[in-house]
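For the record, the sequence lines run as chains A and B. If you're matching positions, the first sequence starts at 5 in our numbering and goes up one per residue. If you're matching positions, the second sequence starts at 740 in our numbering and goes up one per residue. Structure first, commentary second.
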Amino acid sequence: VTPRSNRALIVDDDDDMRFLLRVVIEAANEGLTIAGEARSASEAVTQWRTHDPDVVVLDHRMPDRNGLEVAAEMLAERPDQSIILFSAFLDEETIARAEALGVRACLSKDRYDEIPAALWHYGPAA
Amino acid sequence: VALRTRSLRPRRLSPALALALIAVALSATAGVFAQRAADHHDLEVERTRDASQVARLEAVLAAALSTTREVALEAAHDGFSEAATRAIRDPNPLAFVLSRGSTSERVVAQGERDASLLAVADAPATSEAVRAAIADANVHVVAPVDLQGEPAVVFVAPGYPSGTPNDVATRRTANPAVVLGIIRVDDLRNPDGLPPLLPGTDVRIRTAEGAFGPDVTQPVLTSDVRVGGEVWRIAVGRSPSDRPIIGFVILLVGLGVAALGSFVIRRHELERRRVEQEVDVRSRQLHLIASTGTALQQSLDLAELLPAFAVNVTDEFDLTALSVVLSDDNGQMLEVFRHGRSSPDDASCTFDLRRGWRTVGRLDAHCAQPLDGVSRQSLQAVADLLAIAVTNSQLYEREQQAVTRLSELDALKNAFLSTVSHELRTATTAVQGFADLLSEHWDTTPDERRHDMAKRIRRQSGSLRHLVDDLLDYARLEAERLRVSPRQVNLSDIVESVTDSFSPLVSSHHLVVHAEPGLQAWADPIAVERILANLLSNAGKYAPAGSTVTVTAAEHDGAARLSVRDEGPGIPEAERRRVFVRFYRLDNPQTIRTHGAGIGLAILHDFAARSGATVTIDDAPGGGALVHVDFPTAPVAALIGEHA
């Protein structure tokens, strides 16, 4: 059986959070790989175009633009792009706007350990 | 429009004029009736009186005739002297000329009039009468004759010594005595011893020879009287000038009363109109005041109120221009609205906009004619209403500003909560995540990675500690329980210690510390720690990784200066005062990227203020922020929140 490939783009302006996600994803299972990392919204869009990831794990609070704005741009270009909004502070308004945009899931940062499962769930086979 | 109905009222007949017309009509009518009544009354009275007048005249004439006849008979029998003496002695108004027909013997009974009496006797009419009297032996009358320019009556009587001859020829030859009794008409009309004629009554006598006496235009009584052989027509009445004028007098009095009444009523009418006009003006002004009060309550927006207000007031008070001048926050008077255009010749008047004890502005009114007292009072009332509206508007504006500030503060607080939540969750997630990984994959994790994770846990813990410290300080600040206890300290030692302790906050940066050895300051070590920790935290957040953060402690102008310099974007000059406001964060991408609650600099500022230190923000040479905190080197009196 050929393991399914699931390539994730990690977008977060906090260096420790990116590192934590990388370690957690790497430790989780074979098949889950890190396509790239980005520290800002503009960097995220560039990396996304370059690496064409299966899933984008997107922080919401970033210096240049917020995660929803980045998601809107990506989904406008590729409506079937799988995006998980991964934020430390998720209020109902943000979740509603994310769902309206077509973001697949919203995950609070304290549930970092659920990221591998979410990647599988919202990955290519989904 | 409803206020300007004065000109539309129907014009009424002036009461004064009406009364004058009525008075004139009444007095004219009364005059006519009075005149007629007077005339009627006089006529009745005069008829009676004039009848007696005529009777009296008849009697006088008869007496004169009789007396003349008697004197003639005496003269014939007793001689002229006897007769003359008796004639003069008798009380009668007659003068006598005694003569004998065929001789030249003549005696004049009243010597003082001799010449004139003789002239009368010699007059042709008299001579004619003498001949006639001798011929018919009767008394003849000649009238009028001229007696010294006055009309007179002459009675001619013959006297025969031995009886009256029967035939004319004998009579003529008998040589009788002839007596002329002469009487002036005035004496005839008003003989001595008799009551005079009524005033205004005249008598005119017409004889065969002519008429004498004043002209009587309105005879009351006309009577024919036989005098000797003649018939005289006697008219008694009033002369034209003596006509009663009671009617005219009443008319004149009536006119006078009418004029006086008219004058009084006219004055009263004018006064009434003046009062009515004043009441009208007052009423309109009161209406304006009432409507102004209502209008001014309809809005709290002066920009909406003032134009309508100024137009109304200018129109109603006939102003040429009206300015509204209001006091600004600094007490400066500024013209905020002006309506109309004034000329240099205009009168001007100023009304203070008073609200309680203070003046919130003024109204400058310009008008062609100076305002009267009533208008000034009304305008002051309007100004007082405007003052209330202005005050309410200003209060409303301040309230709106306060609401806006509170709203902004609320937004800042919400942002603060969001940020704090984000910060706390990020840090705790990182700490927990790395700790979980280490504990679960300790054996399979290479040493280098384990070491890396431990460093990250330490850094995130430092951030967490700093954030918790900030929140605790903030809570104390809110509760006014933040206390500092300054004392003499070695600032350099504290700086080095704190820098070492909080170096994880700038772990991605190159930290340089320059502390002047033994630098003394009057400060609370905890305050110094919180101040320096916040400055380091800010430098760590805003300055790019790898750049240099420099901490300096040195003496500066008598103060112990602690400075932190970074190579970040710096703080714009316009923002330097606001960054010390709680929850305030610079509105730029750099701020959003960084993780801060927006209370660090506020806490720093409060610690500095309570320590007697001053904080200044400057531009670092070559860019970046440079913050100085100058601590005093000796005790400072009355510090905020100082804890003894």
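For glycine and all other residues, C-beta sits at the position ideal for the given N, C-alpha and C. Because the structure is a prediction, the values reported are computed rather than measured.
When Cβ pairs closer than 8 Å are counted between the two stretches, the region 786-797 of chain B is seen not to touch the region 892-903 of chain B, the count staying below three. DSSP, reduced to helix, strand and coil, places residue 964 of chain B within a strand of the structure shown. Taking the Cα of residue 1196 of chain B as reference, the smallest distance to any Cα among B/1170, B/1221, B/914, B/1184 is reached at B/1170. Residue 1375 of chain B and residue 1265 of chain B have their alpha carbons spaced roughly 18 Å apart.
Under the Cβ distance rule, residue 1297 of chain B does not count among the residues neighbouring chain A, no pair being separated by less than 8 Å. By the neighbour-count criterion, in which 16 or more other beta carbons inside 10 Å mark a residue as buried, residue 1269 of chain B falls on the buried side. In this model, residue 969 of chain B and residue 947 of chain B are separated by some 7 Å (Cα to Cα). Counting only runs of 3+ residues, the beta strand (DSSP E) found wholly inside the region 1057-1084 of chain B occupies 1058-1066, 1072-1079, in chain order.
By the Cβ criterion, the region 47-56 of chain A is not in contact with the region 1145-1156 of chain B, since fewer than three pairs of Cβ atoms, one from each stretch, lie closer than 8 Å.
Between residue 1288 of chain B and residue 1253 of chain B a beta carbon distance of about 12 Å is seen, past the 8 Å cut, so the two are scored as non-contacting. Residue 105 of chain A places its beta carbon 8 Å or farther from that of residue 36 of chain A.
In this structure residue 1372 of chain B does not touch residue 116 of chain A by the C-beta definition: roughly 51 Å separates them, more than the 8 Å allowed. Three or more Cβ pairs closer than 8 Å define a contact, and the region 883-892 of chain B meets that threshold against the region 945-962 of chain B.
With 16 or more other CB atoms across the displayed protein chains lying within 10 angstroms of its CB, residue 41 of chain A is buried.
Residue contact check for residue 72 of chain A against chain B: no CB pair falls below 8 Å. Of the residues assessed, residue 928 of chain B falls on the buried side of the cut-off, its CB having 16 or more other CB atoms within 10 angstroms. In the three-state reduction of the DSSP assignment, residue 914 of chain B falls in the coil class. Residue state for residue 1089 of chain B is assigned as strand, using DSSP reduced to three classes.
A contact between stretches requires three or more CB pairs, one per stretch, nearer than 8 Å, and the region 1081-1092 of chain B fails this requirement with the region 989-1003 of chain B.
Annotation for residue 1294 of chain B: no alpha helix (DSSP H) segment contains it, though the beta strand (DSSP E) segment containing it runs 1287-1295.
Residue 1056 of chain B and residue 1141 of chain B have their C-alpha atoms some 39 Å from each other. Proximity of the region 1222-1237 of chain B to the region 1174-1193 of chain B falls short of the contact definition, fewer than three beta-carbon pairs being nearer than 8 Å. Contact annotation for residue 24 of chain A against chain B: 1169, 1172, 1173 [CB-CB distance below 7 Å, chain order]. At a beta-carbon threshold of 8 Å, none of the residues of chain A lie near residue 1289 of chain B; the nearest stands roughly 23 Å away. About 6 Å separates the beta carbons of residue 873 of chain B and residue 910 of chain B, which is inside the 8 Å limit, making them a contact pair. Using a C-beta cut-off of 8 Å, the region 1101-1108 of chain B makes contact with the region 1050-1066 of chain B, since at least three inter-stretch Cβ pairs fall below that distance. Assigned with DSSP and collapsed to three states, residue 85 of chain A falls in coil, not helix or strand. Cβ neighbours of residue 972 of chain B within its own chain (closer than 6 Å, five residues either side excluded): 945, 963. For residue 1143 of chain B, DSSP assigns no beta-bridge partner whatsoever. Shown here, residue 805 of chain B sits in a helix according to DSSP, grouped into three states.
Taken through DSSP and simplified to helix, strand or coil, residue 46 of chain A comes out as helix. Residue 1355 of chain B has B/1367 as its beta-bridge partners, per DSSP. By the rule that beta-carbons nearer than 8 Å mark a contact, residue 1249 of chain B does not touch chain A. Distances from the CA of residue 26 of chain A to each of A/128, A/125, A/118 were compared; the closest alpha carbon is that of A/118. Contact between residue 767 of chain B and residue 990 of chain B holds: CB atoms are separated by about 6 Å, below the 8 Å threshold.
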